[in-house]
Amino acid sequence: MLDEAALGALFTPAEQHTPEQASRVALDDTLIAEVQAADVLVLGVPMYKLRRAGAVEELDRCDCPCRPSHFRYTENGPEGLLKGKKVYVALARGGRHRNTPADSQVPFLKTVLGFLGMSDVHFIYAEGLSMGPEAAEQGFAEAEAELDAAFA
2 MLDEAALGAL
12 FTPAEQHTPE
22 QASRVALDDT
32 LIAEVQAADV
42 LVLGVPMYKL
52 RRAGAVEELD
62 RCDCPCRPSH
72 FRYTENGPEG
82 LLKGKKVYVA
92 LARGGRHRNT
102 PADSQVPFLK
112 TVLGFLGMSD
122 VHFIYAEGLS
132 MGPEAAEQGF
142 AEAEAELDAA
152 FA
C-alpha cells in the first residue's frame with residue numbers, strides 16, 4: 002500500500018535509506034519487475050458499494066511503476082514504459098454499471114494503465130450479480146461470451 006512509510010522510502014535517496022525503507026523499496030522493485038516481465042496481466046476488479054475495491058483503489062502494482070523512473074515526460078506529455086502488454090480486466094458487479102456515470106472503475110483503470118503505456122486493455126464484465134438468480138446467470142453468460150470473444 003502506498004502509505005506515509007512507502008512515500009518516505011521512495012522519496013529518500015538510496016544512500017540515506019533506513020533498513021525498513023530499503024526493504025520497502027526492494028519490495029516495490031520486485032513488484033515492478035514482475036509487471037515488466039509479464040506479457041499478459043490479468044486484474045480481478047470487484048465493485049463494492051459503487052466504489053473501487055481497496056486493492057484497485059490503492060493499485061499497489063501501479064503505484065510502484067508510477068515512480069518517475071518508470072515513465073518519462075516527453076514534449077508530447079508522459080510516456081509509460083510498460084508497453085507491449087496485453088491486459089485483461091475482469092469486473093464483477095452486483096448491479097449494472099457499464100457505460101453509466103456510476104462506473105468509476107473503467108475510466109480510472111484506462112487512465113492509469115494508459116499512463117503506464119498499456120493500451121491493449123480488454124474489459125470483461127460480470128454484472129447484475131446481486132439482482133437475483135436470473136440476472137446473475139445472465140451476467141455470467143455475458144462475461145463468458147466476452148471471454149470467448151477476447152480469446153477468439
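Using the numbering used here, you'd call the opening residue of the sequence shown number 2 and step up by one each time. Just so it is clear, CB atoms sit at the ideal spot from N, CA and C, and this is done for glycine as well.
Which of helix, strand or coil DSSP assigns to residue i
i      : result
Arg25  : helix
Thr13  : coil
Lys84  : coil
Leu117 : coil
Leu32  : helix
His18  : coil
Ala56  : For Ala56, the pLDDT reaches just 48, beneath the cut-off of 50, and the residue's location in the model is therefore unreliable, although a value from the coordinates is still provided. Looking at Ala56 - three-state DSSP - the assignment turns out to be helix.
Phe124 : strand
Gly133 : coil
Phe72  : strand
Span separating the alpha-carbon of residue i from that of residue j
i      : j      : result
Pro20  : Thr31  : 16 Å
Gln22  : Val36  : 21 Å
Ala91  : Phe152 : 14 Å
Ser131 : Gly115 : 31 Å
Asp61  : Ala7   : Residue confidence for Asp61 is low, a pLDDT of 41 falling below 50, so the modelled location carries little weight; the figure read from the coordinates is stated next. Cα to Cα, the separation comes out at about 11 Å.
Leu44  : His18  : 32 Å
Asp121 : Leu42  : 10 Å
Phe12  : Phe124 : 34 Å
Glu80  : Tyr89  : 21 Å
Ala27  : Arg99  : 38 Å
Pro134 : Gly95  : 11 Å
Contact check, residue i vs residue j, beta carbons under 8 Å
i      : j      : result
Asp149 : Lys87  : no
Ala127 : Ala146 : no
Touch test, the region 102-115 against the region 131-150, Cβ-Cβ under 8 Å, three pairs minimum = no
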